[in-house]
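Residue numbers (my numbering), protein chains in the order written: chain R, 24 to 317; chain W, 24 to 317. Every residue gets a Cβ at the ideal spot worked out from N, C-alpha and C, and that includes glycine. First comes the structure, then the notes that go with it.
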């Protein structure tokens, strides 16, 4: 399951209410395009902002809309007991895998994070992916901690944060060297991920793939075919998008892309998060037009 | 209300259950010692980890146990609608003031934070304190944003993060210069706060004061009497504690102090947070003994 393109759809929150119909349409769109898995309730799916009940319904809707495509469900929460409830709900909803980020308020120690994963490992019967996203969790994994947690039962993937593209091959080699063989190497950061797949990463956990699956799949399939030149070309074409992601955060930009494509209303994030301002929306419209995406 | 010593008690979480009796005892202890206000559900009170229902009951218990002493209640949450529900619950429980930190998962923009405070300002009938704690919220206020939010109705205090003690006087002068006259200047970071009170800050939001109120009050009253020499002496005596706060986080250290004083069981934080390890507990015991606190 932790292979190829994992597409992360937005969870549309319209006037503070999760819109399951709009969400299911995004999931179907990615599944029908050929994504290898759906990542529901990732950072792009705003899991951290949603209640237990909202998450339960989103997980169920994802599994139903994805059909045969496996669904990985994000279960991060500040409190271990909430994480365990999320793991139970996700498995009851039919999740094929769990994605766990060590969300923090008080900065966490390595032992605290390791024990959190141990608790979830003991309570799970589906594969778990370590979700390393220091921008949002403010916890920085060491490679040694990947190895320690990767040795736990059910832990079968890690999602590492991006580095500069020039470092992709070295970084993939480093991480691979410390991971148990059973643990798939996943990458995130859409500008980094194509080159990282070419360098041997197993799976791309993709913001782009949740809303523009065709573009993400073209890069993924080229990488799987060993065509690093095409990967580089296709990924570099999208550079103007990667730049907007870096400047304004991938969530706000993909939210605006979904709105400009007519898939969602403009205001689709949970407050206090706001849509991009008018000037940036204008820049984005030009980029999408240049890329023939609208 | 935003004056003198605001004492922030721990919220004891024992085996994942909030212990309201132990909590009420901590509140009574600080109120009876003479704290000017109680800060319930601050970072030291682990608000970010608690459910709406738990927070509601903690706020009610705080108001009851505090007697005549006003209670300020922390209402931070990731989602604006949850913050507004927290504000309503806290006011219904009898809170005399609200403490709002812009908790984040996705990094927040200045406009997002300003609009969050505007929504709470419009929904509140009690004073609000801006809670600036970048270590936990990962949002860094500018002085201009203090001024902008300080101009909103009901915003009557700001709680600024610590700086090196040598910068206390300059920092207090800078912040005071931008704040509307109606906004009290509050300080945090226990090692910084005595000198900052001497330099003219109005209120000390104190971790120490929630568990060792006598020591915090001695510093506060000396500062209010204009005796900067005594403030410096008393604060410097506690330097070994400030060093432990800096090294292991004030929450874990004050949790261990409460346990060593016999006020709480050793394991009193919500998982994944863990008590300090044995070696550090030993160091702390020596410090407490040297200070004649145990």
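| message | So, with DSSP's three-state summary, where would you put residue 69 (chain R)? | response | coil
| request: Decide if residue 18 (chain W) is buried, meaning its Cβ has at least 16 other Cβ atoms within 10 Å, or exposed. | output: Not covered by the structure: residue 18 (chain W). The range shown for chain W is 24 to 317.
| task | Specify the secondary structure class of residue 92 (chain W) as computed by DSSP and reduced to three states. | result | coil
| query | Would residue 63 (chain R) be called buried (16 or more neighbouring beta carbons within 10 Å of its own) or exposed? | reply | Around the beta carbon of residue 63 (chain R), 16 or more other beta carbons lie within 10 angstroms, which makes this residue buried.
| said: Classify residue 182 (chain W): buried if its beta carbon has 16 or more other beta carbons within 10 angstroms, exposed otherwise. | reply: buried
| Pick from R:145, R:42, R:180, R:166: whose alpha carbon is nearest that of residue 95 (chain R)? | R:180
| Beta bridge counterpart(s) of residue 128 (chain R) as assigned by DSSP | According to DSSP, residue 128 (chain R) bridges with nothing at all.
| query | Based on Cα-Cα distance, which residue from R:131, R:140, R:77, R:129 lies nearest to residue 113 (chain R)? | reply | R:77
| Cβ distance (whole Å) where residue 69 (chain W) is taken to contact residue 227 (chain W) below 8 angstroms | Not confirmed; about 20 angstroms, so no contact.
| field | Partners in chain W for residue 146 (chain R), counting only beta-carbon separations shorter than 8 angstroms | value | Close partners of residue 146 (chain R) in chain W (Cβ separation under 8 angstroms) are lacking, with about 13 angstroms as the shortest Cβ gap.
| task | Can you check the region 146–213 of chain W for any beta strand (DSSP E) of at least 3 residues that lies completely inside it and give the ranges in chain order? | result | 151–154, 178–183, 207–210
| Backbone CA spacing between residue 135 (chain W) and residue 133 (chain R) [nearest angstrom] | 32 angstroms
| request: Let me know the secondary structure DSSP gives residue 29 (chain W) once reduced to three states. | output: strand
| Residues that DSSP places opposite residue 123 (chain R) in a beta bridge | R:153
| query | Can you tell me whether residue 237 (chain W) is buried or exposed, with buried defined as 16 or more other CB within 10 angstroms of its CB? | reply | exposed
| Quick one, which of W:313, W:130, W:167, W:296 has its alpha-carbon nearest residue 72 (chain W)'s? | W:296
| task | Leaving out five residues on either side along the sequence, give the residues of the same chain with a beta carbon under 7 angstroms from the beta carbon of residue 53 (chain R). | result | 30, 32, 61, 232, 233, 236
| message | Give me the subset of the region 267–288 of chain R whose CB atoms are less than 7 angstroms from a CB atom of chain W, sorted by chain position. | response | 272, 274
| task | Give every residue of the same chain whose Cβ lies closer than 7 angstroms to the Cβ of residue 212 (chain W), excluding the five residues on either side of it in the sequence, and list them in chain order. | result | 184, 185
| message | Let me make sure I understand the geometry here. Which of R:102, R:41, R:108 has the alpha-carbon closest to that of residue 80 (chain R)? | response | R:41
| Is the region 262–273 of chain W close to the region 242–250 of chain W, with three or more CB pairs under 8 angstroms? | no
| Under the three-state reduction of DSSP, which class applies to residue 312 (chain R): helix, strand or coil? | helix
| message | Below 6 angstroms, is the gap between the Cβ of residue 261 (chain W) and the nearest heavy atom of the ligand SAM? | response | No copy of the ligand SAM appears in this structure; indeed no ligand is present at all.
| field | residue 134 (chain W): contacting residues in chain R (beta-carbon distance under 7 angstroms) | value | 297
| For residue 309 (chain R), does the count of other Cβ atoms within 10 angstroms reach 16, so buried, or fall short, so exposed? | exposed
| query | In chain R, which residues lie less than 8 angstroms from residue 72 (chain W) when you measure between Cβ atoms? | reply | 101, 102, 128
| message | Quick check on DSSP: helix, strand or coil for residue 118 (chain R)? | response | Coil.
| Roughly how many angstroms separate the alpha carbons of residue 126 (chain R) and residue 160 (chain W), rounded to a whole number? | One C-alpha to the other measures close to 12 angstroms.
| Name the chain R residues whose beta carbon is nearer than 7 angstroms to that of residue 131 (chain W)? | 295
| query | Nearest-angstrom Cα distance between residue 122 (chain W) and residue 83 (chain W)? | reply | 16 angstroms
| query | Per DSSP, what kind of secondary structure is residue 277 (chain R) in: helix, strand or coil? | reply | helix
| Since residue 229 (chain R) sits in a beta bridge, which residues does DSSP pair it with? | Note: residue 229 (chain R) sits in a beta bridge opposite R:30.
| query | Got a sec: which bits of the region 141–168 of chain W sit with their beta carbon under 9 angstroms from any beta carbon on chain R, in order along the chain? | reply | 142, 158, 159, 160, 161
| Would a check of beta-carbon distances place residue 139 (chain R) closer than 7 angstroms to chain W? | yes
| request: Using DSSP bridges, identify the partner residues of residue 62 (chain W). | output: Residue 62 (chain W) pairs with W:95.
| Can the beta-carbon of residue 98 (chain R) be found closer than 7 angstroms to that of residue 288 (chain R)? | Not closer than 7 angstroms, so no.
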